[in-house]
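Asks: Sharing a structure with you now.
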Amino acid sequence: GVLARATEQFQPRPGQTDMALAVADVVAHGGSLVVEAGTGVGKTFAYLVPALLSGERVLLSTATKALQDQLFARDLPRLVQALNLPVRLALLKGRSSYLCTHRLEMARQSSSLPDRTAVHLLAKVETWSHATTTGDLAELPGLDERSPLIPWITSSRDNCLGSQCPKFKGCHVNAARREALGADVVVINHHLFFADMAVRETGMAELLPTVRVVIFDEAHQLNETGVQFLGHQLGTAQLLDLTRDMLATGLQLARGLADWQGVSSLLERATRELRLVAGKRPGALTLRWTGDAPEGIHPQAWSLALQDLGAACVQALRALETVSELAPDFVRMFERVADIAQQVDAFLKPCAAEAVRWLDVTASQLRLMEAPLDIAQSVRDKLLSAKPQDSGNPGVRLDDRPRAWVFTSATLGDDDGLTWFTEPCGLESAKVLRVSSPFDYPNQASLYVPRHVVRPNDPAHSTQVAQLASDAVRRLGGRTLVLTTTLRALRAIGELMKQHLDGSGIEVLVQGEWPKRHLMQRFREGAQAGEGACVLVASATFWEGFDVPGEALQLVVIDKLPFPPPNDPLVEARSKRLEAQGRSPFNDYFVPEAVVALKQGAGRLIRRETDQGLLVLCDNRLVTTGYGKRLLAALPAMRRLENDEELFQALEALQQAAITTASTKVF
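This note's numbering puts the sequence shown at residues 1 to 667.
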């Protein structure tokens with residue numbers, strides 16, 4: 001068929017067909033559909049084909065910008081061509097993904113760039129700026145998303161001048177928004193979607209009402225992403241940036257018309273006093289904030305510091321109001337200060353119901369946070385109840401038909417109702433479909449739980465994990481991903497494995513030493529049998545979205561069960577809410593969270609029907625506790641290994657097969 005001609009990897013899968021039919025049904029009739037589609041089902045084609053064939057306007061949201069680029073540049077064009085459809089596609093990201101030509105010009109004239117590397121990189125950006133048509137910084141090789149140059153050459157909601165900008169006509173952000181408004185299929189990301197729900201400033205406010213079909217891929221990240229945006233936050237770094245910008249703008253454009261030095265100093269002093277009230281803190285800490293002030297901070301001193309900050313904002317607003325007609329910069333600055341004053345006022349009032357507050361503190365900064373416990377109410381009120389307005393087709397009255405919502409991921413829970421996902425997302429009434437992976441796990445993969453490794457709370461745990469992983473890596477010749485649940489374990493295991501494998505010819509890559517993109521590229525290049533083989537020790541984002549099919553990755557080692565941190569303010573608040581409902585926080589929250597994270601991590605191993613590999617879980621609670629059985633049951637049905645000897649035999653068999661394959665390729 002047309003799909004087999006569109007991609008070499010395509011083959012018919014019953015699960016993919018079942019999912020496509022379910023998506024087609026909800027697209028036709030409206031409503032909500034939640035689909036858990038196991039690894040290898042081919043969920044991307046399963047939702048794209050019926051969506052494209054429907055003729056409806058489609059909004060497609062993904063978890064990451066990398067997946068956005070893959071869908072827009074590879075999957076969608078391939079399908080549109082194969083199906084011969086006259087469909088217009090558009091890619092829309094947040095402001096920080098696009099070059100701002102006005103700020104590029106300002107950066108070129110600035111003498112305050114971070115370092116010589118930034119100056120050299122700025123020259124490359126300027127050369128590229130003359131050739132790019134989209135301004136999407138992802139097009140520029142060598143520019144890492146963590147580069148300190150990014151804030152200098154991109155705009156933010158705070159500093160964008162809007163229609164008053166001298167470069168407004170050629171603005172890449174506005175061009176991308178115009179393109180999206182005229183397209184049939186628009187690819188965005190979850191952060192952009194929820195940022196618009198919070199501030200209505202990303203261009204989505206005009207786009208969403210005209211769309212009848214909305215699809216969220218990698219939907220398991222939806223709740224945590226939404227929670228980040230649907231509350232309040234205020235940081236001292238943000239305040240100090242504002243102070244510097246106000247002083248520079250005032251002296252440059254309205255010198256002598258207001259006491260810019262005095263106003264800026266007042267705001268800066270109030271900001272620094274707020275940080276000082278929190279006291280000296282070793283390292284980075286999160287402080288609970290359940291009463292009038294965060295824990296360990298005197299309530300009266302805290303309240304006075306916030307009031308002084310609010311008063312400094314009022315003084316700044318008065319100064320800015322007197323010069324607002326002189327330049328659009330002052331209008332935007334006034335809006336920034338007014339927004340911060342509003343946040344200060346919110347933090348002086350009690351925390352909202354069904355929300356939680358906390359304070360993030362470092363040696364020099366602090367960040368005030370308030371977030372809802374989940375996105376359920378916002379989804380019900382702002383999304384599911386809203387109706388599409390106009391499709392651009394005068395023959396169709398969209399108001400009479402409900403919008404179609406599709407939420408899909410490889411991991412959405414471990415019960416038939418997928419309640420881990422549906423409850424916090426307000427989707428209890430959605431239709432639910434679970435589609436199993438087509439992979440033959442008993443023949444493709446083996447699982448080993450080493451009983452001799454001490455429990456995770458034992459100080460020797462990381463040492464024993466590093467030793468076992470190093471022994472395994474030697475026998476396999478690399479091709480290994482070690483996933484940790486904490487940064488402390490990441491550093492300990494990474495350092496120990498470097499020592500154990502020194503002189504072996506196997507390179508140990510550790511997250512944090514290089515940008516993520518570089519680590520992934522190096523692993524794929526070096527993770528081949530023989531010379532230059534790699535092992536990657538990683539945490540956090542590498543538990544998902546790291547796709548290395550074939551022989552390049554054949555061993556995944558997980559240090560311990562990925563339970564959420566019990567002292568995290570959001571975790572604590574969610575646990576207390578469950579207790580108040582007469583439910584078990586451990587069974588109804590901690591275990592399901594661990595299930596989803598564990599399935600994501602284990603999912604890195606087998607990516608295709610021909611893959612072979614081993615999963616080692618260094619947490620004997622899996623085989624000694626009742627909840628361990630629940631976690632094991634949620635994993636694919638892999639062949640079980642009973643001891644180190646069986647593990648090493650399996651590893652050597654994989655290594656021998658890889659050598660044989662390499663020899664075959666040579667001849």
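Heads up, the beta-carbon is just placed ideally off N, CA and C, and yes, glycines get one too.
Note down the Cα distance separating E224 from G601, rounded to an integer number of angstroms.
Replies: Each residue's Cα considered, the two are about 18 Å apart.
Asks: Which runs of the beta strand (DSSP E), 3 residues or longer, sit entirely within the segment 34-113?
Replies: With a minimum length of 3 residues, the continuous beta strand (DSSP E) runs that stay inside the segment 34-113 are 58-62 and 89-91.
Asks: Use the C-beta contact count for G395: other C-beta atoms within 10 angstroms, 16 or more gives buried, fewer gives exposed.
Replies: Summary for G395: the model assigns pLDDT 41, below 50, so the residue's position carries little reliability; its value from the coordinates is reported in the next sentence. It is exposed - the Cβ of G395 has fewer than 16 other Cβ atoms within 10 Å.
Asks: Is it buried or exposed for M106, if we count other Cβ within 10 angstroms and need 16 for buried?
Replies: Looking at its Cβ environment, which holds fewer than 16 other Cβ atoms inside 10 Å, M106 is exposed.
Asks: CB F546 to CB R491, shorter than 8 Å?
Replies: No; because the gap between Cβ atoms is not below 8 Å, this pair is not in contact.
Asks: Please look up how many angstroms separate the CB atoms of P668 and D611, rounded, as I've assumed it's under 8 Å.
Replies: The requested residue 668 does not occur in the structure, where the chain is confined to residues 1 to 667.
Asks: For N643, does the count of other Cβ atoms within 10 angstroms reach 16, so buried, or fall short, so exposed?
Replies: That one is exposed.
Asks: Report the three-state DSSP secondary structure of L605 (helix, strand or coil).
Replies: Note: L605 maps to coil in three-state DSSP.
Asks: Taking the alpha carbon of L651 as the reference point, which residue from V473, A637 and V557 has its own alpha carbon closest?
Replies: Answer by Cα proximity: V473.
Asks: Look at the alpha carbon of L309 and the alpha carbon of L536, and state the distance between them as a whole number of angstroms.
Replies: Cα to Cα, L309 sits roughly 46 Å from L536.
Asks: Nearest CA to the CA of A175: which residue from T101, V453, R108 and H232?
Replies: It is T101 whose Cα lies nearest to the Cα of A175.
Asks: Could you check the C-alpha separation between Q365 and Y47 for me, to the nearest Å?
Replies: Looking at the two C-alpha atoms, the distance is approximately 44 Å.
Asks: Looking at L287: is its Cβ nearer than 8 Å to the Cβ of E295?
Replies: Yes. Within cutoff.
Asks: Grouping DSSP H, G and I as helix and E and B as strand, with all else coil, what is L412?
Replies: In this structure, L412 counts as coil in the three-state DSSP scheme.
Asks: Considering only C-alpha positions, which residue in the set W260, A352, Q315 and D75 is nearest to G291?
Replies: The shortest C-alpha separation from G291 is found at A352.
Asks: According to the Cβ coordinates, are S539 and Q511 closer than 8 Å?
Replies: Yes, the Cβ-Cβ distance between S539 and Q511 is below 8 Å.
Asks: Mark P299 as exposed unless 16 or more other C-beta atoms lie within 10 angstroms of its C-beta, in which case mark it buried.
Replies: By the neighbour-count rule (16 or more Cβ atoms within 10 Å), P299 is not buried but exposed.
Asks: Using three-state DSSP, classify R451 as helix, strand or coil.
Replies: If DSSP states are grouped into helix, strand and coil, R451 belongs with coil.
Asks: Can you tell me the Cα-Cα spacing of T362 and T17, whole angstroms?
Replies: Roughly 51 Å separates the two Cα atoms.
Asks: Considering only the beta carbon of each residue, do Y441 and I606 sit closer than 8 Å?
Replies: Closer than 8 Å, so yes.
Asks: Mapping the DSSP letters down to three states, classify I506 as helix, strand or coil.
Replies: It is coil, neither helix nor strand.
Asks: Going by DSSP, name the residue or residues bridged to S212.
Replies: In the sequence under discussion, the amino acid at residue 212 is Arg, which differs from the Ser named in the question. Per DSSP, none; premise fails for R212.
Asks: Compute the Euclidean distance between the alpha carbons of G392 and P141, then round it to the nearest angstrom.
Replies: In this prediction, G392 has a pLDDT of 45, which is less than 50 and means its spatial position is unreliable; nothing more can be read from the coordinates.
Asks: Which residues in the same chain as A284 place their Cβ atom closer than 6 Å to its Cβ, once the five residues preceding and following it in sequence are excluded?
Replies: Only T362 meet the Cβ criterion.
Asks: Apart from the five residues just before and just after T486, which ones in its own chain have a Cβ nearer than 8 Å to its Cβ?
Replies: Answer for T486: S539, listed in chain order.
Asks: Measuring CB to CB, does P86 end up less than 8 Å from T210?
Replies: Against a cut-off of 8 Å, the Cβ pair of T210 and P86 comes out as no contact.
Asks: Using a 10 Å radius around the Cβ and a threshold of 16 neighbouring Cβ atoms, would you call F72 buried or exposed?
Replies: Answer is buried; the Cβ neighbour count reaches 16.
Asks: Counting only the same chain and skipping the five closest in sequence on each side, list residues whose C-beta sits under 6 Å from that of A254.
Replies: The answer, listed in chain order, is V323 and L326.
Asks: Apart from the five residues on each side of it in sequence, which residues of its chain come closer than 7 Å, Cβ to Cβ, to R397?
Replies: The predicted position of R397 is uncertain, since its pLDDT is 46 and thus under 50; a value taken from the coordinates is nonetheless stated next. None.
Asks: Is the number of C-beta pairs between the segment 407-424 and the segment 585-600 that are closer than 8 Å three or more?
Replies: Verdict: yes, contact present.
Asks: Which residues in the same chain as G530 place their Cβ atom closer than 6 Å to its Cβ, once the five residues preceding and following it in sequence are excluded?
Replies: Residue confidence is low: G530 scores 48 on pLDDT, short of 50, so the model does not pin down where it sits. Its coordinate-derived value is still stated next. Once the five neighbours on either side are set aside, G530 has no close Cβ partner at all.
Asks: Please report the straight-line C-alpha distance between E273 and T249, rounded to a whole angstrom.
Replies: Distance between the alpha carbons of E273 and T249: 24 Å.
Asks: Take R367 as the anchor and find which of Y448, R332, Q228 and V435 has the nearest alpha-carbon.
Replies: With distances taken between Cα atoms, R367 lies closest to Q228.
Asks: Could you tell me which residues DSSP pairs with D136 in its beta bridges?
Replies: DSSP lists Y98 as partners of D136.
Asks: Run the CB neighbour count on M19, radius 10 Å, all protein chains shown included, and call it buried at 16 or more, exposed below.
Replies: Label assigned to M19: buried.
Asks: Is the Cβ-Cβ distance between D467 and G426 less than 8 Å?
Replies: Per the sequence shown, residue 467 should be read as Gln rather than Asp. No. Outside cutoff.
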